[in-house]
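Report on the structure given below.
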Amino acid sequence: MNEVNNKSNSPISKSLKRPPLVTGKKTFKNITDDICALTEKWPGIGYFVALFSAKSLFLFYIAVMAAIVVVGMGLMGVNNPVNWGTDIITFVFWIGIGHAGTLISAILFLFRQKWRTSIARTAEAMTVFAVMTAGVFPLLHTGRPWLAYWLLPYPNQRGPLWVNFRSPLVWDVFAVSTYAIVSIVFWYIGMVPDMATLRDRSKGIRRHIYGILSMGWRGTARNWSHYEMTYMILAGLSTPLVLSVHSIVSFDFATASLPGWHTTIFPPYFVAGAIFSGFGMVVTLMCLVRLFVPQFKDYVTLNHMEAMNKIIMLTGMMVGYAYASEFFIAWYSGSHFEQYVFLNRAAGPYWWSYWIMVSCNVLIPQLFWFRKVRRHLVAMFIISIFVNVGMWFERYVIVVTSLHRDFLPANWGMFDMSFFDFGALIGSFGMFLTLFLLYIRTLPAISIAEVKTVAHEGH
Amino acid sequence: MKKDSSLKEKTKYWLSLEQWGKDKEFQSLVTRQDREFLTPLPSEKEAEGLWERREFLQLMAASLALASFGCMRRPTEKIVPYVKRPDDIMLGEANFYSSSYFDGEEGFGTLVRTREGRPIKIEGNKNHPMNQGGLSARAHSHILNLYDPERLKDPQQNLFNKEKSNRESIRAAYSTADADIVEHLKKGKAAFLTGEWPSPSSEHLLRDFCNKNSCAHFVWNPVNHSTLAETQKLCYGTALVPRLALDRARLILSIDCDFLGTWLSPTEFNRLYSQKRKANRDMNRLVVFESLLSLTGTNADWRVRIMPSQQLNLVLSLVHSLMEKGFVKAQWPNHLDKPSLHSYKDFHIKKEVWDQLINDLWETRGQSLILAGESNAKEAKKLQIAVAWLNHLLGNDGWTVDYTHPYRTWTWANRKLETLVENLEQGKIKTLIIHRTNPLYSYPNKKRLEAAIKKADLVVYTGDREDETGRLAHYILPDHHDLEKWSDWEFQKGTLSVQQPTIRPLYRTRAFEDALIKWASLIGTDSQLGSWYEYLKKNTIAGAGLGFSWNSFLKTGVYIKNPDQRERRSPARVFKSSALSSITHVKRTRSKHSDGEYELVLYLTGGLKDGSLANVSWLQEFPDPVTKICWDNYLCVSPATARKKGWQEGQIVELKKGGNSVAPEEGVSSKSDISSAKNEKQKKTTNIIKAPIHIQPGQADGVLALALGYGRERAGKVANQVGVNGYPMAEVLDEGQSISFVSSVPIDITSTSKKIPLANTQGHHSMEGRQIVVETTLKKYLKNPGGAIHRHKVFSLWSSHQYPKHKWGMVIDLNSCTGCSACVSACQSENNVPTVGKDLMLQGREMHWIRIDRYYKGTPEEPETVHQPVVCMHCDNAPCETVCPVAATVHSDEGTNDMIYNRCVGTRYCANNCPYKVRRFNWFNYVKKVEKPLNMAMNPDVTVRSRGVMEKCTFCIHRVREAQAKAKLENRTLKDGDIQTACQQSCPTGAIVFGDLKDKSSEVYRLFNREDSYSLLEELNTQPAVRYQVKVRNKKESDTSHEKDHHG
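These protein sequence lines are chains A and B, in that order. Per our numbering, the first sequence starts with residue 113, numbered consecutively. Per our numbering, the second sequence starts with residue 587, numbered consecutively.
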C-alpha cells in the first residue's frame, strides 16, 4: 500500500482503519477543481489526436454500414449454414461490456460499496455508449434494416399485424431498449448535482447548457432528499436488469434448437461473462484515464483497480466453470449432436478460436492471483485487453462453431470474415471511443458530489 | 391579355401643350403615365417583371387551380382491355403445348407451359412412352436458352480480312445472303457439315437437297453411338442402336456405362430402371464395373473399380467363365487366346465373388442386360461386339435388348471429318454450310480444321450466336430456337413426336429447313416444297400411314405405330460369329500402374454434357450429381493417386499430351488465370491444359477424369472461360469418324503450386453415424421393412396444430431416387430461383430450394453412395416459425409452412434454427441482375424475391391453389394426384409423391404411414410433413469382399 497515506500512528487504528478511497489529502475545493478542470480547460494536442483518430474510425464505420445497407448483407461473410456472424457476435460483445457499468453503479451502490464512487460515472458512461454501439448491430444485421422497426409492437394498419412474442428477438428488443433507457436515465440523474456545480463555475453558453442539464438544481435539502430517493429507486430498478438483459440475450441462443446453443446454462453463464468483460473494459479505460488524466490518479487509485481485477478473476473462473460444464453436459446428455458440437469446438476447424477463448478468459486472468500483477498497471492493462479479446472470441465460438456444423453433415460449411466484417468490428470501436472521448471532456467524469462523501476531509 | 399599344395613337384629346407639341420628354412621361394610369393592361413586353392586379388575380386563380390539381387522383390513363384475345389465351391461365426436346443425344416428349403467349416452363409429356412425364435437368434449362440475351437477333455477315481473323460483323439481309449462297451452291463443290438429329422430315429434306444439288454431307457429333450401331451390323446384319429395356432386366451389368447419368437416353433409363427397383422379391440388381464414380455407379448394388483398358478383358473373361462352368455352349474363337482362369484377379475380386457373379448371370439369363460405354473408342468396337455376344449367349436379345424399336441414328452418315478437312484443304469443297454442330469447339484437331475452313470460299453457319464456329462463317443465318420451330422427331423407331412452336420467333431467325427450301427453289432444283411447316406435315402424314390424325398428333404430341408391339418379345436374332474376328489383341494388364502411366478419361456431366447449352446459368450452377461441384470442371483423381502425387483439392495441374497432331490449345481453369495463361501461350506450342484437382472417392487409381462441355470461348457471358475444354485431349480415330474419350497416349502431368477453390455445394460427405439416409439390404428389408429405422420416443407437452381440411405431405422414396437432380432444375424453373455465380457459391450462398445431399459410406476407395433430396420439411412443430420476430414465416391450416416475403425483415434466425438448413437468404438483389429477356422465363405465379428476405420451398403452393381453384370451378373436390409439385412432376423415377395426408385413400397417406417410412431427424420432434422411404440395396453377402491387396 505504498500509495496510501495513513495518518494514524497507533498500530491498532492502523490496522482497523480502512485506507482512504481518495488519496492526496484533497479538500472539497480540490475535488471540484480537479474534476471540473477537465471540462473547463482547452484540451491538449494529445486529446485531439485521439479524438481525430477515433472519429475517423467512426466515419469509416459509417461508410462500412452504408455500404452494407445499400448493397446487401452479402458483403459480410455470413452464408447459409452460418447465418449469423460478426454482427451478432459484436452485438453480444458490446452488450456484455455494458454490464459492468450497471453492476458498479447499481448493485455496488445497493451494497454500500463506497469504493465504487470514483469509477461509477465512467463505468456508467461506458455502459451507455456500449449499449448504443451494440444497438446498431441488430439493425445492421437484418436483411432490410429500413424495416427493422417492425420488431416493435406498435399499432398499425396491417391487420393490425403484431410481432411474434414467442421469438427471443422480440424479447431482445424489449430487454435492450429497457436497458438502454434505464442506463441513460440512471446515468443522467446521477450527474444532475454535478451539472449544477459545473453551471455555477461556468459562464456564457456553457452556463446555459449546464443550467438546462442541471434541471434547476439548487442543492437544497429538499433537492438532495428527492435526489437520493430517486437514485436509490433507479438503482433498484437497474439491479434486475444486470441479470435480465444478458439472460435474454442468451435466450437468442438457448431457445434455439441448435446443438451448442440449446443449453440451460446460458443465462448465468452469459451474465458472468458479461460482468467479466465489462470489468475488463472498465480496467482498460481506467488505465487509459489514469495515464492521460494524471489528476484522476487520486480518485481512481490502485485499490480500485485491484478490486476490479479481483472481480475479473472471479468471473473469469465462473466462465471457465461454464465452459467445463458444457462439455460435461454434452457428454451426460447422450445426444450425439451435442457431443459432436463440443468436440468440434475444441478440435474442429475452429479449434484456434476455442483455445483463444479459453486462454484469454480462464488462463490469463489467473495471473491476478499475484498481488503484484493485480496492482501493476501495465500488467492489468494487457490482461484486460486479453479479456476483451477473449470475450469477443467466446461469442465467436458460440455463434460460429455451433452454426457451421449442425445436424445434417451435407449442410456443413465454413465462415470467413470479409473486409466488411472487420470494418464493422473495428469501426464499432471508433463509435465507442468517439463517444467516450467527447464524454470525458464535456461531462463530469467522476461524480463530484459522491466522491466528496468518501473524501478524507470531514472524516 | 389584350395588347393595347394602339391606344395611344387613338387619343384625340391633348392634355397639355407639350403633348400637343410632341415634346420628347413629355412623350416619355406620358408613356409611363399611360402605363400606370391610362392603360388598363400593359403590353407583354412592358409588363416584364411586373404584376398587375388582374394578372396577380389570374395567377392566384391559376395556382389555386394547379394546387388543387395536385390533390386530385392520378390522371386517367386509358388502357385498352384485352377484348379481342386469342381464343386459346386466358390471362393468368397457363396453356400447354405438346412438344419435344432433343439435346443432341437424348430426346423425349415435353409439354411446354406458356403464359400470356410466352413459354415459361418445360414439363414432361405423359403420353410419350420414353419419358412418360419425366424430364432431364437439361430439358428444363432449354427454356433459359430460348431467352438467352446473347442469341443473335439478326442474320449476320462477317467481313473478313485476308487472314480471316480481324473482322467486323454487319447485319445481313436474308435476300442478299440467299443470293450469295445460291450463287456459290450453283458452282458445286458444296458440302454440309451437320450434327445428327432424329427428325425424319428434316433428315429427308436435307438428304434430298444434298442429292439434288450434289452436295457432300458430313456429320459431326462429338457424342454419338455410331460404333454401337456399326457393331450391331457386324453381329446381326443391321446397323441400329437397340432399345434397352431396363424394366425387363433382373440383373443389369454396366461396364463404364453411365446410363443413369449421361449415356444414350438417361431420362428414359431412369424411368425404366426404377420400375424394377421396387423393394420386393422381383427387385433388380445393378452391378457396375467402372473407372470413375458415375451416377450409375453410385446406385450400384455392387461396384468394382476397373481401368478403362480392362473393359474388354472383363467381358471376355465373363464369357469364358460362363463357358468354363458349362453354362454356355459356344465356340471360343480360334484366333483369340482364352483368358486365364484367374482373370478375375485382374479386377481384384475373390474367386467366390466372381463365381457368384457368373452364377447370377446364368440364373437371370434372358432377363439380364449387359451394357458397355463407348467412351474408349479404340476398343469400343471390340467391346460392343463382345457385349453383344454376351447378351446373345445369355439370351437377352429380343427381350432386354429390343432391336425392334431402335433409337434413330444416322447410320448412313459420313462421319469422316478428316475427309472433309482434306477436301477443304485441296479445294475440292469451296462452300460449307454448318448446321447444329459446333466443330471448332468440339473437334480435337481444331487447328487443322480451322485452317481448312478458312480456305473455303463461303461458310454459312446456322448457330444462334457467333460462337467458336460462327466466328469463321461468312454468314450466320440463325436457326429458330427449338421452342420457336416446327419439327417432328422419331427418337425411337415407331414413336413419332411433334415439336410445336410455342412462341413466335423472338428475333429475325429462320428455320434451317426453310432456308433449304428457299435455296432449292432459287437454284431451281425443287420449287414445289412449300413452307417447312407444309413439308413437315405432308411428310409426317405420309410416313405415319393409316390411322394418323394430324390434329390429335399435335394434341397428344405423340404417335406410336403399333403400340402393342413395344410390349412384345421379339425372337432373338442370329449372332454372326464372324463378328468375333474383329476382336483381336486383348490387353491383359493388371490395373496396377507404374508412375506416370495414367489413363485419361473424358466424361460427360448431366448438366453440360457436350457443352452446347453451356451458356445457361442453371446448368452451370447445377451441382454435379456425384461431386456436387458446379461452375467448373476439374481433374478427378482417386484418393490414393492424390496421396501418391501429393495433390490437394483444387491444386492446378498441367496436362501435357505429347506425340500427336493436336493443335496447340490452351485452356484455363478460372478467369483469374487468364493473364498468366496468355503469357505462357506465346511460349508453348504443345497441347496443354490446366485443370484443378478434385479428389474423387471411388475412382480407380491411375485414372484421371476430366469433364467435357466446359471451357467455352465464345458461348457467352455465362460460359466463357468457365472450366477448361477437354476436347483437345480426345483422340481422333478412323479419319475423324469418332473420337476417343479415353486416352492411352502418355500424358505428362506437372503439378503447380497454384490452387483454386472449387464451388462445392456440399462441405462434408459422411453421415457421421447419424440417422440421415437409412439403408438396408433387400434380404433384411423383406424380413422387416422398417427394421433398419431407429425409432425415437418423442412426445410434446403442447397440443398440435389443427388441420380442418387438408394437410399436405410428401414422401420421397430413397430407393427410387437415383440422384439425377432433374428436380433441382425443375424447381429452379418453376419457382424463379436465381443463380448466383461461382463466387457466391463458394461462400455457401446457393439458392436451390431442393438439394440432393450425397453421402459416402465406407472407405474413400470403395465408397457406397446414397442420394437424398431435401426440400423444406414443412414441420408441424416448425423451429423456424417460433423464432421469427415479425411472424414472417407462419403455419397454414393446410400444414404448410408459409413464407411471407413482404413481412420478412431478414434476421435469418429461422435459417439458423432450421435443422435441415433448407432456407435460402437473398444476400443481394439477385432479381435486379436478371438480364432481359431472361425475365420472360419467370413464372408469373411465383413472386420474385427482393434483397434481404428469406425464401424456401413452398410445396409449390401456387400449384395447390391452382388445383383447388380448378376443382372449385368444376364443382368437385380435389382428387389425389390433382396436385403435382414441380419436383415430383419431373422426376423420371417417380420417387416423389405429394398429396393430402387427410385423405386416407391417397397414395401419400399410404406411403407416409408405411413402416418403411421415416422422418429426417425424427428425434427433434419437428414432425416433418416430408418422410423418406428407406433405401434398399439388392446386396449379396459377397459384395463387399474385395481382394486384400486391392489398393496396391
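Where is the CB? At the ideal position from N, CA and C, for every residue including glycine. Bear in mind the structure is a predicted one, so any value in this text is a computation, not a measurement.
Using three-state DSSP, classify residue i as helix, strand or coil.
{"i": "E438/A", "result": "helix"}
{"i": "E1076/B", "result": "strand"}
{"i": "M1485/B", "result": "strand"}
{"i": "G710/B", "result": "strand"}
{"i": "Q1429/B", "result": "coil"}
{"i": "H1477/B", "result": "strand"}
{"i": "S954/B", "result": "strand"}
{"i": "V190/A", "result": "coil"}
{"i": "M587/B", "result": "With a pLDDT of 44 at M587/B, under the threshold of 50, the modelled position of this residue cannot be trusted, and the question is left open."}
{"i": "G693/B", "result": "strand"}
{"i": "Y1600/B", "result": "strand"}
{"i": "K610/B", "result": "helix"}
Output, in chain order, the set of chain B residues within a Cβ distance shorter than 7 Å of residue i.
{"i": "G620/A", "result": "Because chain A in this structure spans residues 113 to 571, residue 620/A falls outside the shown range and cannot be described."}
{"i": "S369/A", "result": "P1465, N1499, P1501, L1606"}
{"i": "P580/A", "result": "The question about residue 580/A has no answer here: the residues shown for chain A are numbered 113 through 571."}
Classify residue i as buried or exposed, calling it buried when 16 or more other Cβ atoms lie within 10 Å of its own Cβ.
{"i": "G784/B", "result": "The sequence shown places Pro at residue 784/B, rather than the Gly named in the question. Buried, since its Cβ has 16 or more Cβ neighbours within 10 Å."}
{"i": "W443/A", "result": "exposed"}
{"i": "D1479/B", "result": "exposed"}
{"i": "N190/A", "result": "A small correction: the amino acid at residue 190/A is Val; Asn does not occupy that position in the sequence shown. Looking at its Cβ environment, which holds 16 or more other Cβ atoms inside 10 Å, V190/A is buried."}
Answer yes or no: the CB of residue i versus the heavy atoms of the ligand ATP, is any distance below 6 Å?
{"i": "Y1591/B", "result": "Judged by which ligands are present, the structure shown has none, so any question about the ligand ATP falls away."}
For residue i, which residues of its own chain have a beta-carbon under 7 Å away from its beta-carbon, when the five flanking residues on both sides are left out?
{"i": "H714/B", "result": "F694, G695, S1083, G1143, V1144"}
{"i": "R576/A", "result": "Lying before the first or after the last residue shown, residue 576/A is absent from chain A, which here runs from 113 to 571."}
{"i": "T214/A", "result": "T239, S295, S350, L353, V354"}
{"i": "K1040/B", "result": "K750, L1058"}
So which residues of chain A does residue i contact, with C-beta pairs closer than 8 Å?
{"i": "P1209/B", "result": "Correct list: empty, because the minimum Cβ distance to chain A is about 11 Å."}
{"i": "W1435/B", "result": "Chain A residues near W1435/B: none, gap ~13 Å exceeds 8 Å."}
To which residues of the same chain is residue i closer than 6 Å at the C-beta, ignoring the five residues directly before and after it?
{"i": "A680/B", "result": "R699, R701"}
{"i": "K1621/B", "result": "D887, T1363"}
Tell me which same chain residues have a C-beta within less than 8 Å of the C-beta of residue i, skipping the five on either side of it?
{"i": "L922/B", "result": "L902, L1166, I1169, T1170, V1172"}
{"i": "T342/A", "result": "I301"}
{"i": "T475/A", "result": "It is Leu, not Thr, that sits at residue 475/A in the sequence shown. Result list for L475/A: empty, nothing under 8 Å."}
Starting from the beta carbon of residue i, find every residue of chain A whose beta carbon is closer than 7 Å, and list them in chain order.
{"i": "M1353/B", "result": "P521"}
{"i": "C1348/B", "result": "Looking at the sequence provided, one finds Gln at residue 1348/B rather than Cys. Residues of chain A passing the Cβ test: A522."}
{"i": "L879/B", "result": "Chain A residues near L879/B: none, gap ~17 Å exceeds 7 Å."}
Please compile the residues from chain B whose C-beta is within a distance smaller than 8 Å of the C-beta of residue i.
{"i": "D518/A", "result": "P1501, K1503"}
{"i": "N268/A", "result": "Correct list: empty, because the minimum Cβ distance to chain B is about 11 Å."}
Handout entry: Every unbroken alpha helix (DSSP H) within the stretch 1112-1149 of chain B, with a cutoff of 4 residues, ordered by chain
Key = 1118-1130, 1136-1142
Problem - Inside the stretch 332-397 of chain A only - alpha helix (DSSP H) runs reaching at least 4 residues - result: 333-366
Handout entry: Ordered list of alpha helix (DSSP H) runs contained in the stretch 751-823 of chain B, each at least 4 residues
Key = 760-772, 786-798, 812-822
Exercise for the section: Run through the stretch 841-869 of chain B for me and flag every whole alpha helix (DSSP H) of 4 or more residues, listed as ranges in chain order. Expected result: 852-861
Exercise for the section: Identify every run of the alpha helix (DSSP H) within the stretch 888-919 of chain B, keeping only runs that are complete inside it and at least 4 residues long; order them along the chain. Expected result: 897-910
Exercise for the section: Kindly provide the ranges of any beta strand (DSSP E) runs that are 3 or more residues long and lie completely inside the stretch 1363-1426 of chain B, ordered along the chain. Expected result: 1394-1399
Problem - Every unbroken beta strand (DSSP E) inside the stretch 1014-1079 of chain B [3 residues or more] - result: 1017-1021, 1044-1047, 1073-1078
Exercise for the section: Would you mind listing the alpha helix (DSSP H) stretches within the stretch 429-496 of chain A that are 4+ residues and don't spill past its ends, in chain order? Expected result: 448-459, 463-470, 483-486
Exercise for the section: Write down every uninterrupted run of the beta strand (DSSP E) in the stretch 976-1004 of chain B whose length is 3 residues or greater and which is fully enclosed by it, in chain order. Expected result: 987-993
Problem - Every unbroken beta strand (DSSP E) inside the stretch 1268-1355 of chain B [3 residues or more] - result: 1273-1281, 1289-1293, 1317-1319, 1324-1326, 1333-1341
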